[in-house]
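All remarks here apply to the structure that follows.
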Amino acid sequence: MLSQQIRTKKKKLLEELGEKRLPYLTPADTDFHQLWKTKYSKLIFRKSDTVPEDLHQMVQESFLALREHNCFFQDLVRIKGKDFLTPVSRILIGNPGCTYKYLNTRLFTVPWPTESYDIKYCSPQIHDACKALMRLNDYLHIETVQALQGQNLLENKEIKDTAVIDRKQSFAASLTQQESVSKDQSSVCVSEDDRTLKNRTSYNLTLLNYMDPLQMLYLKQEPYFGMGSMAVSWHHDENLVERSAVAVYSYSCEDSSVQESNEGELKGRDPAVWHVGLKVAWDIETPGLAVPLHQGDIYLMLDDLNMTHQHCVLAGLSPRFSSTHRVADCSRGTLEYILGQCELALQNLQSGSDSMALSLKSLEAAVVKQVEEIHNEVEFEWLRQFWFQGKRYLKCTDWWLKPMAKLEEFWRKMEIMTSLVLSEVRKEQQIEEQRNETISCFLLLLKERQKLRKEWTARCQSDAAESLPEDQRPECHPFWTDDDECNMPLPYDLEEVIAYLQNLVQWIE
Ligand SMILES: O=C(O)CCC(=O)C(=O)O
Ligand SMILES: [Fe+2]
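This is how it looks when you write it as structure tokens:
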């Protein structure tokens, strides 16, 4: 649905609700487990005592170490064209070179220690923390696979049963078995199911959240059910592989002296305790669910739960960390991908015989379009996203600095390529069909570039941006003015270039 329609629908619902609130259940309600089983069955909960004690210890120490080293940051996200600072502070940890985009913000992983990568951390504790979270990731992966197998969520029941038997044998043994009966249809499907299972559970990163409610001046109130203060508003998780699971480890630093309100005494959820809230999307019939989360509890959102339902995080009174493991859709989100794109674009650039004069190999519309698209992608999805987050990544590791410098070098070459297209266009030549097509494509992409540059300049100058401490303040980079001696072939502001091309297009038509 279009976001405008969603907004209208949401607004209408809230107006209809007025002072009334929709019902929701907590463990204090008799129907709680029945509702969970029937309407929220793909939400899996594991109490802290099911998790190995040494893992708890490692993970909890990591959270505290990362907080100690000031590695958590509020994100300056953009929703419906407005800038907001998230109440929770975050850090992304995961596979080297991976990114995760949410609410128009691309977060870059602090890499966890991965074989064959030489990663330098700012302190040994940060290294240990990343390592511990990778161990938690492995643990949650196994838990998720088991939960999915237990839930009959694989396509075909019969095949699923075979798969379970297979997994009970050693990996090597099951491989041999599959080979020996490879002509057997069901066995082929088993491996397909295995692949599906792997694709939907191989968490490649975790987004860590931290919030101390007592430090927050204002928290939004949950609007539909009256569930109280929210740390994270209702949402679907974005940018995930379709039907992939999400696993969350929750660590609220509960003080044993804080008295929990007696069960049954209160109406609704206990405001002292952290909860995850769930609702069925676009459904006001089904009551909501508020599940209390205590120190070290885990929950999983399996299969399409994240699509059919929304979730939110309801704040308690104590500071709380969570580690949310995801299968990010990295098809356009890895360093490897964007470097590959840049190399593709630069294939259209050639240096002449004197090796100084640069020129373009092709002026074909499709080629120019592809190059200018990649130019926009590297500028707005990578360079500006990265520098917008200030120097935050340097708190943990310098891992991204080199790749960013490389991407900027590529981008500079693409600025030259854009200027070369422009000078070709300026040459008065016989006007041919192909040239018109090239100019229109080119113009469209420059307009997009200009629009996005304006948006990013504004984003860097918002009140929220300027309220941030110096070391977190967004940097509008790359940025240059006409007097800068930076040898840029084109101005930052493309207004005049666009006006010129616009004119040309009109004249041709
Ligand atoms: O902290 C949690 O329990 C979940 C947070 C969440 O929903 C998110 O970060 O997307
Ligand atoms: Fe979420």
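So the sequence shown is numbered by full-length UniProt numbering: it starts at 1 and just counts up by one. Every residue gets a Cβ at the ideal spot worked out from N, C-alpha and C, and that includes glycine. Computed from a predicted model, the values in this text were never measured in an experiment.
- [ ] List in chain order: all unbroken alpha helix (DSSP H) runs of 4+ residues lying wholly within the stretch 382-458.
- [x] 384-388, 401-426
Open item on the list: Please state the DSSP three-state secondary structure of residue 312.
Closed with: strand
Open item on the list: Contact defined as beta carbons within less than 8 Å: I believe residue 206 pairs with residue 323. What is the distance between those atoms, to the nearest angstrom?
Closed with: 5 Å
Task: Close beta carbons around residue 447, own chain, < 7 Å, minus the five adjacent residues each side - done: 498
Task: Top-ranked residue by Cα proximity to residue 105, from 120, 114, 84, 94 - done: 84
Open item on the list: Any residue with its C-beta under 6 Å from a non-hydrogen atom of ligand 1 counts. Can you list them all in chain order?
Closed with: 207, 209, 232, 237, 248, 250, 276, 311, 313, 322, 324
Task: Which of helix, strand or coil DSSP assigns to residue 112 - done: coil
- [ ] Mark residue 176 as exposed unless 16 or more other C-beta atoms lie within 10 angstroms of its C-beta, in which case mark it buried.
- [x] Note that residue 176 has pLDDT 43, beneath the 50 cutoff, so the model's placement of it is unreliable and the number below is only indicative. That one is exposed.
Open item on the list: Just verifying my parser: in three-state terms, what is the DSSP assignment at residue 51?
Closed with: coil
TODO: Measure how close the beta-carbons of residue 227 and residue 315 come, nearest whole angstrom, since I'm counting them as under 8 Å.
DONE: Their Cβ separation, rounded to whole angstroms, is 10 Å, which puts residue 227 and residue 315 out of contact at 8 Å.
Open item on the list: In the DSSP output, what is residue 209 paired with across the bridge?
Closed with: 90, 322
Task: Residues that DSSP places opposite residue 240 in a beta bridge - done: 328
- [ ] Within its chain, find whatever has a CB closer than 7 Å to the CB of residue 55; leave out the 5 residues flanking it on each side and keep chain order.
- [x] 135, 136, 139
Open item on the list: I'd like the list of long-range same chain contacts for residue 295, defined as Cβ closer than 7 Å, with 5 residues on each side in sequence excluded.
Closed with: 48, 251, 252, 254
Open item on the list: Since residue 303 and residue 243 should fall inside the 8 Å C-beta cutoff, what is the C-beta to C-beta distance between them, to a whole number of angstroms?
Closed with: 5 Å
Task: Burial state of residue 171 (16 or more Cβ within 10 Å) - done: Only weak support is given to the placement of residue 171: the predicted model assigns it a pLDDT of 41, under 50, and the value that follows is read from those uncertain coordinates. It counts as exposed.
Open item on the list: Quick check: residue 349 and residue 363, are their CB atoms within less than 8 Å of each other?
Closed with: no
Task: Contacting residues, own chain, Cβ-Cβ under 6 Å from residue 388 (five flanking each side not counted) - done: 474
Open item on the list: My output table needs one value for residue 56: the three-state DSSP class, helix, strand or coil.
Closed with: helix
- [ ] Starting from the Cα of residue 406, find the closest Cα among 353, 441, 338, 53 and give me that residue.
- [x] 338
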